[in-house]
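Novice: Take the sequence shown: its position 4, counting from 1, is numbered 81 in the working numbering, and each next residue is one higher. Cβ coordinates follow ideal geometry from the N, Cα and C atoms, glycine included. Quick one: the structure is below, questions incoming.
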Amino acid sequence: IWVYGDSFRSMLVAVVVPHEENTRKWAESNGHSASFSELCSLHQLQDHILLDLKAVAEKEKLKGFEYVRAIVVDPLPFDVERGLVTPTMKKRRAQLLKHYQEEIDTLYKSLTRRKEL
78 IWVYGDSFRS MLVAVVVPHE ENTRKWAESN GHSASFSELC SLHQLQDHIL
128 LDLKAVAEKE KLKGFEYVRA IVVDPLPFDV ERGLVTPTMK KRRAQLLKHY
178 QEEIDTLYKS LTRRKEL
């Protein structure tokens with residue numbers, strides 16, 4: 078998971094690369110049969126992951142502004158080949174932002190629309 082906070086916005090978003098085996102177990106118990114990539118695009122999986130993140134945030138007594146409010150679920154792991162992590166597996170934040178900028182902008186737009194309703 079990579080959590081991103083824009084200093085001009087009041088909410089956090091994240092990019093999540095789910096564990097494939099756990100995702101398949103979730104899919105099986107929820108009546109979904111598809112490729113891992115297709116499962117990652119399901120809104121139901123995104124909602125499930127967000128609920129898990131919320132439960133962890135509540136357990137750890139995080140403040141409301143520290144909660145992740147929206148996510149992108151990517152089946153591809155952060156890897157050196159795409160320049161998203163270093164050879165020692167440290168996340169390269171600037172490259173992650175550049176790679177996921179379009180998805181992050183979409184998340185923030187959808188959060189803004191929901192907030193206005």
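In terms of residues, what are the limits of the beta strand (DSSP E) holding Leu89?
Specialist: The count along the sequence shown starts at 1 and reaches residue 89 at position 12. Where Leu89 is concerned, the enclosing beta strand (DSSP E) stretches over Leu89 to Val93.
Novice: Whole angstroms is fine: what's the gap from Arg86's alpha carbon to Val93's?
Specialist: Within the sequence shown, residue 86 is the residue found at index 9, counting from 1. Within the sequence shown, residue 93 is the residue found at index 16, counting from 1. The straight-line gap from Cα to Cα measures roughly 20 Å.
Novice: According to DSSP, simplified to helix, strand and coil, what is Ile181?
Specialist: Position 104 of the sequence shown, counted from the first residue, corresponds to residue 181. Here Ile181 sits in helix by DSSP.
Novice: How far does the beta strand (DSSP E) with Val145 in it reach, from first residue to last?
Specialist: Here residue 145 is taken as the residue at index 68 of the sequence shown, counted from 1. Element bounds for Val145: Val145 to Val150.
Novice: Please report how far the alpha carbon of Leu116 lies from the alpha carbon of Thr183, in whole angstroms.
Specialist: In the sequence shown, the residue the question calls residue 116 occupies position 39. In the sequence shown, the residue the question calls residue 183 occupies position 106. Rounded to whole angstroms, Leu116 to Thr183 spans 20 Å at the Cα level.
Novice: Give a yes or no on whether the C-beta atoms belonging to Ala111 and Leu119 are separated by under 9 Å.
Specialist: The residue given as residue 111 occupies position 34 in the sequence shown. The residue given as residue 119 occupies position 42 in the sequence shown. Against a cut-off of 9 Å, the Cβ pair of Leu119 and Ala111 comes out as a contact.
Novice: Just tell me which of Asp151, Val90, Lys138 and Leu128 has its CA closest to the CA of Glu206.
Specialist: Beyond the ends of the chain as shown, which are 78 and 194, falls residue 206; an answer cannot be given.
Novice: Residue range of the alpha helix (DSSP H) that Val133 falls in?
Specialist: Working through the sequence shown from its first residue, we reach residue 133 at position 56. Taken as a continuous stretch (DSSP letters only), the alpha helix (DSSP H) holding Val133 covers His120 to Lys136.
Novice: At the level of alpha carbons, what is the spacing between Lys136 and Ile78?
Specialist: Sequence index remark: in the sequence shown, residue 136 carries index 59 (1-based). Sequence index remark: in the sequence shown, residue 78 carries index 1 (1-based). Each residue's Cα considered, the two are about 18 Å apart.
Novice: Relative to the ligand COA, is the shortest distance from any of its heavy atoms to the C-beta of Ala91 smaller than 8 Å?
Specialist: As for the ligand COA, it is missing from this structure, which has no ligand bound.
Novice: When the Cα of Ile126 is compared with those of Glu179, Arg190 and Ala91, which residue comes out closest?
Specialist: Counting from one through the sequence shown, the residue named residue 126 turns up at place 49. Cα-wise, what sits closest to Ile126 is Ala91.
Novice: Would you check if the distance between the CB atom of Gln172 and the CB atom of Gly160 is smaller than 9 Å?
Specialist: One-based indexing of the sequence shown puts residue 172 at position 95. One-based indexing of the sequence shown puts residue 160 at position 83. Yes.
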